[in-house]
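What follows is a set of notes on a single structure, which appears directly below.
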Amino acid sequence: MSKLIGALFTIIVGVVAYYWMTRIKQQQEFYLTENYKNNTLIFNATIVNEGKTIKGHVLIEGDIIKQIIYLNNNNENQEINNLLKRENIKIINASGLYLLPGIIDDQVHFREPGLTHKANIYTESKAAAAGGVTSFMEQPNTSPQTTTQELLEEKFKIAKNSSLINYSFFLGGTLSNVNEILKTNKRNVAGIKLFLGSSTGNMLVDDPKVLNEIFSKCKLLIAVHCEDEKTIKENSEIYKQRYGENVPWRCHSEIRNAEACYLSSSFAVNLAKKYNTRLHIFHISSERETHLFDNTTSLEKKRITSEVCVHHLWFSDKDYEKKGSLIKWNPSVKSEDDREGLWKALLDDRLDVIATDHAPHTLEEKNNTYFKAPSGGPLVQHSLVAMLDFYHKGKISIEKIVEKMCHNPAIVFEIDKRGFIREGYKADLTLVNLNDPWTVEKSNILYKCGWSPFEGHTFKSKVVKTFVNGHLVYDQGKFDESIKGERLLFNRN
């Protein structure tokens, strides 16, 4: 009997011990999952940040850049040895790779709500992540147009549940929504968008009285699309009479010409100077416009800033013959002289930001006659590697690319703790292999529309990994969609 009791006691003790060991293990796993899953050491990367390229290591804890250790630091060996000894930390060997701040694209059209046959926030944010983009600011010409605070917040709700990267949206201005504009929260909304020339979405605001009221009263950044509507209408009528619907694609830059852009941009600049409005002009496309901007004032102090897009730096009107409607954008791709003028202004800091104006349409829509084919094209997956091709050609330094695509958007929009590789900042980062050629083809295009103006081109560089808030969302062709991006916040007085 005593042996039986002893055996039962042993079994009971074993069961109890197993139960508590299992509980403790579960608690440890929960703790590790909740507190250490994003603890990552990016080891031996070439860090490009704030005008310098230095080898070093970056420690991510949770969603924050916790520590940066440069190889020229006298204490580097001891500091890195301490980190390597830590448990529960993922180590990524970044030898031979370049670590950049995540790209911030200040102008995209992700087509949701209402135009989701072209794109949506999920598909395009996924493509963006694969391109090293970690934050976007989206435009209001969706369906319905984002012209009320309620519709604006609906977009934020969609992004919260579907965007793989960080996000913000613009409230669209109209001829009749000044009160809505003035309600906009400057802390958590990118800004106000005005179309001073009509483009996709028909949100034209061209009444001088309304524009004066908006520019005089609005304290938030106003971003504008500048093309003179009267000039475009007159030119369109001339070419329509000449060619009917079959206007040659090369004529797009003659219809939406440099004069139309300058008339509108100069008007906006003068209006902003009159009221000291915080103005940001999107997609500067002509050489003449570049002379409207200043490079003698630090970016932080500029009241009028500007953006140039990748396609205006890459293509010229000579490419219409081969690319046709695929490079039909508004404003138009213009002459080689205009392109060179844009490059000069970008490098001497009259132009502040590089972005995409990512605006997908289906191929069925694009394969139409001139007046029926919509303007716009997809770019977010390829913007960084396109600019890195220019780096390989000696056209621009990698430090300048980071300045214009990461640092400056953060400064222009006063984004809270993003755009730089700094301790205490959000861990929005991208690792790039500068020497891993790949060719753009249907099988590797992630846009919902399924095409790219770069199809057939071989890029020299490849995005390897993208971190959003410390989460490795993109890793060599694979995605971890378990954590979504965050709403951008802005440090505005």
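Just so we're aligned, residue 227 is where the sequence shown starts under the working numbering, counting upward by one.
Yeah, the Cβ is synthetic: ideal placement off N, Cα and C, and Gly gets one too.
Residue i, enclosing alpha helix (DSSP H) - first and last residue
i: H478; result: H478 to I481
i: S442; result: P434 to K443
i: K736; result: With the chain represented from 227 up to 719, any question about residue 736 goes unanswered, as that position is not in the structure.
i: I407; result: V404 to L408
Rounded distance between the beta-carbons of residue j and residue i, thought under 8 Å
i: T279; j: I624; result: 7 Å
i: A484; j: R514; result: 6 Å
i: Y560; j: S491; result: The residue asked about is misnamed: residue 560 is Lys in this sequence, not Tyr. Going by Cβ atoms, the distance from K560 to S491 rounds to 14 Å, so no, they are not a contact pair.
i: A585; j: G602; result: 3 Å
i: T360; j: N392; result: 6 Å
i: T372; j: L397; result: 6 Å
i: V638; j: K688; result: With a Cβ gap of about 28 Å, V638 and K688 do not count as contacting.
i: F336; j: I347; result: 5 Å
i: G282; j: I290; result: Wrong, their Cβ atoms sit about 17 Å apart, outside the cutoff.
i: A449; j: K409; result: Actually they do not touch by this definition, with Cβ atoms about 18 Å apart.
i: R713; j: F362; result: That pair is no contact at about 12 Å.
i: A451; j: L422; result: First, the amino acid is wrong: residue 451 is His here, not Ala. About 6 Å separates the two Cβ atoms, so the contact holds.
i: G645; j: A653; result: No, G645 and A653 are not in contact; Cβ-Cβ is about 12 Å, not under 8 Å.
i: N387; j: K710; result: 7 Å
i: W555; j: D583; result: 7 Å
i: V658; j: Y324; result: 5 Å
i: K344; j: K674; result: 7 Å
DSSP-derived helix/strand/coil call for residue i
i: V241; result: For V241, the predicted structure reports a pLDDT of 47, less than 50, and the residue's modelled location is therefore unreliable. A value from the coordinates is still provided. Reduced to three states, the DSSP call for V241 is helix.
i: G322; result: coil
i: I709; result: coil
i: L714; result: coil
i: C535; result: strand
i: C675; result: coil
i: K251; result: Because K251 carries a pLDDT of 42, less than 50, the predicted location of this residue cannot be relied on, and the following value inherits that uncertainty. If DSSP states are grouped into helix, strand and coil, K251 belongs with the helices.
i: T266; result: strand
i: L489; result: helix
i: I306; result: helix
i: V495; result: helix
i: K292; result: strand
i: K412; result: coil
i: E379; result: helix
i: T287; result: Before going further, note that residue 287 is Glu rather than Thr in the sequence given. E287: strand per DSSP, three-state reduction.
i: L430; result: strand
i: I315; result: coil
i: S511; result: coil
i: T522; result: coil
i: N670; result: helix
i: S424; result: coil
i: N298; result: coil
i: N387; result: helix
i: T259; result: Note that T259 scores a pLDDT of 39, beneath 50, so its modelled location is shaky; the value from the coordinates is reported in the next line. T259: helix per DSSP, three-state reduction.
i: N719; result: coil
Beta-bridge pairing of residue i - partner residues as DSSP gives them
i: A730; result: Examination of residue 730 is not possible in this model, given that the chain is present from 227 through 719 alone.
i: N659; result: K688
i: P327; result: L655
i: T665; result: T684
i: A271; result: G282
i: F693; result: L655 and L698
i: K704; result: D701
Residue i, enclosing beta strand (DSSP E) - first and last residue
i: N392; result: N392 to G398
i: L698; result: H697 to D701
i: Y456; result: This sequence places Lys at residue 456; Tyr is not what is there. Note, K456: premise wrong, no beta strand (DSSP E); alpha helix (DSSP H) at E455 to Y469.
i: K527; result: Counting along the chain, K527 falls outside any beta strand (DSSP E), and DSSP gives it neither H nor E.
Residue-level contact to chain D via CB, residue i, 9 Å cutoff
i: S532; result: Protein chains in the displayed structure number just one, and chain D is not present.
Residue i Cβ short of 8 Å to the ligand FMN heavy atom set
i: N298; result: The ligand FMN is not among the ligands present in this structure, which contains no ligands whatsoever.
So within the region 546–634, which uninterrupted alpha helix (DSSP H) runs reach at least 4 residues, ignoring any that extend past its ends? Runs of the alpha helix (DSSP H) lying entirely within the region 546–634, each at least 4 residues long, are 546–549, 562–573, 589–592, 609–618 and 624–628 in chain order.
Note down, one range per segment and in chain order, each alpha helix (DSSP H) of at least 4 residues found wholly within the region 328–374. Qualifying alpha helix (DSSP H) stretches, in chain order: 347–356.
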